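Q: Here it is, the structure, as structure tokens.
Numbering (full-length UniProt numbering), first residue to last: 1 to 149.
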């Protein structure tokens with residue numbers, strides 16, 4: 001499966017999200033991790049002992065995060081994009097994320113962009129999605145329900 005990218009998506013399922021965090025170390029091809037609306041806290045991320053160097057995009061939208069930056073930097077050392085919209089968050093410390101290019105779908109650079117010049121998820125990941133696998137991790141026992149090509 002050389003050249004194949006894996007995306008993990010969990011929405012509105014706290015236990016499945018915790019299972020993914022606990023087991024992500026065994027998925028070496030994961031480049032995109034979406035844990036949206038799963039009521040995850042800073043402690044949930046801190047408690048799990050893992051590092052996922054292959055993950056470049058992390059979406060933690062609509063959780064209960066306040067200041068997870070240190071733990072996210074440790075767990076995802078090669079993260080380039082982070083979406084933490086709709087969380088209870090504090091300011092991001094740029095020095096903790098030296099490779100971060102985008103935050104909440106907005107470039108970290110200070111150059112001017114025109115209003116409405118924000119790419120959609122599909123546009124943002126078009127280079128990844130051509131050979132991507134997407135895992136639907138929403139089974140009641142944490143099992144993988146479907147792998148989409």
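For each residue, glycine too, the CB sits at the ideal point set by N, CA and C.
Quantities reported herein were computed from a predicted structural model and do not represent experimental measurements.
Taking the C-alpha atoms as reference points, what is the distance between residue 72 and residue 34?
A: Stepping through the chain shown from its first residue, residue 72 is reached at position 72. Stepping through the chain shown from its first residue, residue 34 is reached at position 34. Between the alpha carbons of residue 72 and residue 34 lies a distance of about 13 Å.
Q: Check whether the Cβ atoms of residue 50 and residue 75 lie closer than 9 Å to each other.
A: Translated into positions along the chain shown, residue 50 becomes position 50. Translated into positions along the chain shown, residue 75 becomes position 75. It is a contact, given that the beta carbons lie within the stated cut-off.
Q: Could you check if residue 42 is buried or exposed, using at least 16 other CB atoms within 10 Å of its CB as the buried criterion?
A: Against the chain shown, residue 42 aligns to sequence position 42. Around the C-beta of residue 42, 16 or more other C-beta atoms lie within 10 Å, and the residue is accordingly described as buried.
Q: For residue 36, I'd like the list of residues in its chain whose CB is within less than 7 Å of its CB, leaving aside the five on either flank, ordered along the chain.
A: Counting from one through the chain shown, the residue named residue 36 turns up at place 36. Around residue 36: 11, 59, 61, 62.
Q: List the residues that DSSP assigns as beta-bridge partners of residue 106.
A: Residue numbering aside, residue 106 sits at position 106 when the chain shown is read from its first letter. DSSP, once it has assigned bridges, lists 103 as partnering residue 106.
Q: Can you tell me whether residue 55 is buried or exposed, with buried defined as 16 or more other CB within 10 angstroms of its CB?
A: Position 55 of the chain shown, counted from the first residue, corresponds to residue 55. Burial call: buried.
Q: Less than 9 Å between the C-beta atoms of residue 68 and residue 46, yes or no?
A: As a first step, residue 68 must be located in the chain shown, where it is residue number 68. As a first step, residue 46 must be located in the chain shown, where it is residue number 46. For residue 68 and residue 46, yes; Cβs fall inside 9 Å.
Q: Below 8 Å on the Cβ atoms is my guess for residue 52 versus residue 24; work out the distance and round it to an integer in Å.
A: Here residue 52 corresponds to residue number 52 of the chain shown, with the count starting at 1. Here residue 24 corresponds to residue number 24 of the chain shown, with the count starting at 1. Contact holds; Cβ gap of about 5 Å.
Q: Just verifying my parser: in three-state terms, what is the DSSP assignment at residue 82?
A: Residue mapping note: residue 82 aligns to position 82 of the chain shown, counting from 1. DSSP places residue 82 in strand when its eight states are reduced to three.
Q: Run through the region 20-76 for me and flag every whole alpha helix (DSSP H) of 4 or more residues, listed as ranges in chain order.
A: The alpha helix (DSSP H) runs of length 4 or more contained entirely in the region 20-76 are, from start to end of the chain, 42-47, 69-75.
Q: Cα-Cα, which of 84, 4, 105, 6 is closest to residue 38?
A: In the chain shown, the residue the question calls residue 38 occupies position 38. Here the closest residue by C-alpha is 84.
Q: Within 10 angstroms of its Cβ, does residue 101 collect 16 or more other Cβ (buried), or is it exposed?
A: As a position in the chain shown, residue 101 is number 101, starting the count at 1. The residue in question, residue 101, is exposed, as its Cβ has fewer than 16 Cβ neighbours within 10 Å.
Q: Tell me, to the nearest whole angstrom, how far the beta carbon of residue 40 is from that of residue 17; I am working on the premise that it is less than 8 Å.
A: Within the chain shown, residue 40 is the residue found at index 40, counting from 1. Within the chain shown, residue 17 is the residue found at index 17, counting from 1. The beta-carbon separation of residue 40 and residue 17, rounded to 6 Å, stays under the 8 Å limit for a contact.
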